[in-house]
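There are 2 protein chains.
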Amino acid sequence: MRLSVVGAGAVGRSVAELANEYGHEVVALADSRSAAVADGDALDVAAVLSAKRETGRVGDLAPEAALDADYDVLVEATPTTLGDAEPGYGHVVEALARDRHVVLANKGPVAERYDEVRAHERESAGSVRFEATVGGAIPILSTIADLGPGQVTAARGVLNGTANFILTRMAAEGLDYEHVLAEAQDLGVAEADPSFDVEGTDAALKCVILANVLGDGGHTLDDAEVSGISDIPGEALDLAAEDGRTIRLIGEVAGDRVRVGPRLIPEHGTLAVSGTRNIVQLETNHAGRLNVSGRGAGGPETATAVLSDVGRLPPLE
Amino acid sequence: MRLSVVGAGAVGRSVAELANEYGHEVVALADSRSAAVADGDALDVAAVLSAKRETGRVGDLAPEAALDADYDVLVEATPTTLGDAEPGYGHVVEALARDRHVVLANKGPVAERYDEVRAHERESAGSVRFEATVGGAIPILSTIADLGPGQVTAARGVLNGTANFILTRMAAEGLDYEHVLAEAQDLGVAEADPSFDVEGTDAALKCVILANVLGDGGHTLDDAEVSGISDIPGEALDLAAEDGRTIRLIGEVAGDRVRVGPRLIPEHGTLAVSGTRNIVQLETNHAGRLNVSGRGAGGPETATAVLSDVGRLPPLE
Chain A
1 MRLSVVGAGA VGRSVAELAN EYGHEVVALA DSRSAAVADG DALDVAAVLS AKRETGRVGD
61 LAPEAALDAD YDVLVEATPT TLGDAEPGYG HVVEALARDR HVVLANKGPV AERYDEVRAH
121 ERESAGSVRF EATVGGAIPI LSTIADLGPG QVTAARGVLN GTANFILTRM AAEGLDYEHV
181 LAEAQDLGVA EADPSFDVEG TDAALKCVIL ANVLGDGGHT LDDAEVSGIS DIPGEALDLA
241 AEDGRTIRLI GEVAGDRVRV GPRLIPEHGT LAVSGTRNIV QLETNHAGRL NVSGRGAGGP
301 ETATAVLSDV GRLPPLE
Chain W
318 MRLSVVGAGA VGRSVAELAN EYGHEVVALA DSRSAAVADG DALDVAAVLS AKRETGRVGD
378 LAPEAALDAD YDVLVEATPT TLGDAEPGYG HVVEALARDR HVVLANKGPV AERYDEVRAH
438 ERESAGSVRF EATVGGAIPI LSTIADLGPG QVTAARGVLN GTANFILTRM AAEGLDYEHV
498 LAEAQDLGVA EADPSFDVEG TDAALKCVIL ANVLGDGGHT LDDAEVSGIS DIPGEALDLA
558 AEDGRTIRLI GEVAGDRVRV GPRLIPEHGT LAVSGTRNIV QLETNHAGRL NVSGRGAGGP
618 ETATAVLSDV GRLPPLE
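Read top to bottom, the protein sequences are chains A and W.
Mapping of the first sequence onto my numbering: residues 1 to 317, in sequence order.
Mapping of the second sequence onto my numbering: residues 318 to 634, in sequence order.
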């Protein structure tokens, strides 16, 4: 497949770097300020990324040039935005209008405007896939698709690595939230403004996407009940440990309800993954409980999910 | 899809019972002594299974009638046999020769004669799938297919629920092997002759299948280094626990090597699933380690894997 990669952060760059290994080629790459487009051939990804490191731009064209390129699959890897989910949503609509496939790493369009995305997909010869938006490398959406969404009665799990890293360190070292947050920021595990992760927004978006997949749409972030971890005192983790339990930021989808918040869980239980790992548990009608865990973030990890999605797309006419 | 289900043990019966819920119909069902075949219509599965409970036979026809029926997918769910893998292997070859799909729950053909099965598949309009043969409900083969087999550098895990149940109980209760085996037999978790499970053969067959998928064939049970759990004294588990560890029967596939044997692992680590649960860990090139766990056996659980496979098959011309 010929890929146009829009967004040149860690995920977009990794997709561009790994595409060849998966048998695909990159024909365009855009960051927020510029684009490089190959003229009927494959882009020299190493040269483009080297230029970006040196000049801060991937190329000399306007970013929109990547949307106009001759591609089979638009890889949408711009930052997740809330509400109207722009500019990602507009990119999705434009690619579908051109009867092209879309693979999303950006959560916004399928969390905030899922029903509209599916409506545009129905009118298009292209399809939309978004494995990378939930749990990074964890193949959870394809597992649900294979089981059949109607066979899954509930999903829950740890869906934010930053919050999980902080809770794991607080429990292991007896340190308080502020101390561990500063450490996580030093390590690059938490952003300078960590609110998106620690207040539960990121996990909630992933749960909303799961709810949309399981219930065929109808959910946005506004429907989710969300609380974060920034108010948890270190003593709460000590008390939990005395009782053989620990605290994790757990997202849950069951029926029409989407909730994210700190929960007491067994210290050595399946959900108590440590560090930045993610886990998703599915409850099924006939197959019991399935657990899938792995790296929930990271450029190459998330790019692997993107490229697996590309591999599942049917050829375009 | 129209299914002919050959084998009416727990898995074959569950496939027949659940097929409708997945949008498929059963046109034939055979046990070892007889067959029932619908005449251009769907079989009344409830009536056929009721007849089997009363008479011990699913129908009045010879078993071969199910192979001659007008089906799209042959579901091969006869017991696993070693060596020539008959009669399952012959059923696979016959279905492919008729340009029909095959979904296996029987491990024999893809463990012992993988290369021949693939050779017949290449000559056929039909495809062969076998998710149910490794880890029951755990979607491990589809996860490998989505990642790309070349992206997976190693696989290891707990692949036999009976052995895992015995080791879990020995560790938890401080009981010896003979005592727990008798208990497992009472509960129906272990067979009267448990050797297939406790000597590691079953786990080894699953590892051989994984090795064939990862390495594009070339493996049979003869290549596997296999040891079981029947010689493990209860004291070994006590000693392991004093050191924060436990013992599990672990199967490993890496490069050309397939090994199954008891291993010391961290007591609360990811691989230390309890009871009859199974887990598979995949090491990947770019996505780190993925873990998938769930029920590794059982009629409806394994039938779910079979029916997920059926759902992935392309329509026949």
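The beta carbon of each residue, even a glycine, is placed where N, CA and C say it ideally should be.
These numbers were taken from a predicted model, which means no experiment stands behind them.
Residue contact with chain A for residue 465(W): present (Cβ-Cβ distance below 8 angstroms to some residue of chain A). For residue 463(W) and residue 267(A), the gap between their C-alpha atoms comes out near 32 angstroms.
In chain order, 461, 531, 599 and 601 place their CB closer than 6 angstroms to the CB of residue 469(W), counting only its own chain and leaving out the 5 sequence neighbours on each side. Taking a C-beta distance under 8 angstroms as the contact criterion, residue 76(A) and residue 6(A) qualify as a contact pair.
In the three-state scheme derived from DSSP, where H, G and I count as helix and E and B as strand, residue 260(A) is classed as strand.
Residues of the stretch 443 to 454 of chain W with a C-beta atom less than 7 angstroms from some C-beta of chain A are 454, listed in chain order. Between residue 250(A) and residue 271(A), the beta carbon gap of about 7 angstroms places them in contact (Cβ cut-off 8 angstroms).
Chain-ordered, the chain W residues with CB closer than 8 angstroms to the CB of residue 311(A) read 463 and 465. The residues 453, 454 and 618, in chain order, have a CB closer than 6 angstroms to that of residue 612(W) in the same chain once the five nearest residues on each side in sequence are set aside. Look at the stretch 285 to 300 of chain A: the residues with a C-beta under 7 angstroms from a C-beta of chain W are 286, 287, 288, 289, 290, 291, 292, 293, 294, 295 and 300. For residue 478(W) against residue 337(W), the beta-carbon gap comes to about 28 angstroms, at or over 8 angstroms, which does not count as contact. With at least 16 other beta carbons inside 10 angstroms of its own, residue 78(A) counts as buried. Its chain contains 416 as the residues whose beta carbon lies nearer than 6 angstroms to that of residue 442(W), once the 5 sequence neighbours on both sides are disregarded; these appear in chain order. Within its own chain, the residues whose Cβ lies closer than 6 angstroms to the Cβ of residue 275(A), once the five positions on either side in sequence are excluded, are 165 and 168, listed in chain order. Any Cβ of chain A closer than 8 angstroms to the Cβ of residue 456(W) would place that residue at the interface, and such an atom is present. By the 16-neighbour rule on beta-carbons within 10 angstroms, residue 46(A) is exposed. Proximity of the stretch 569 to 585 of chain W to the stretch 510 to 528 of chain W meets the contact definition, three or more beta-carbon pairs being nearer than 8 angstroms.
Where residue 518(W) is concerned, the enclosing alpha helix (DSSP H) starts and stops at 518 to 532. Setting aside the 5 residues that flank it on each side, residue 291(A) is surrounded in the same chain by 270, 279 and 281, each with a C-beta closer than 7 angstroms to its C-beta; the list follows chain order. For chain A, the residues of the stretch 323 to 352 of chain W that bring a beta carbon within less than 7 angstroms of one of its beta carbons are 335 and 339, in chain order. Residue-level contact by beta carbon fails for residue 227(A) and chain W, as no gap is shorter than 8 angstroms. Closer than 8 angstroms to the CB of residue 303(A) there is at least one CB belonging to chain W. Contact with chain W is absent for residue 162(A), since none of that chain's Cβ atoms lies less than 8 angstroms from the residue's Cβ. Among the residues of chain A, those whose CB is under 7 angstroms from the CB of residue 460(W) are 139, following chain order. The C-alpha of residue 380(W) is placed about 6 angstroms away from the C-alpha of residue 350(W). A contact between stretches requires three or more CB pairs, one per stretch, nearer than 8 angstroms, and the stretch 95 to 115 of chain A fails this requirement with the stretch 228 to 242 of chain A. The continuous beta strand (DSSP E) containing residue 418(W) extends over residues 418 to 421.
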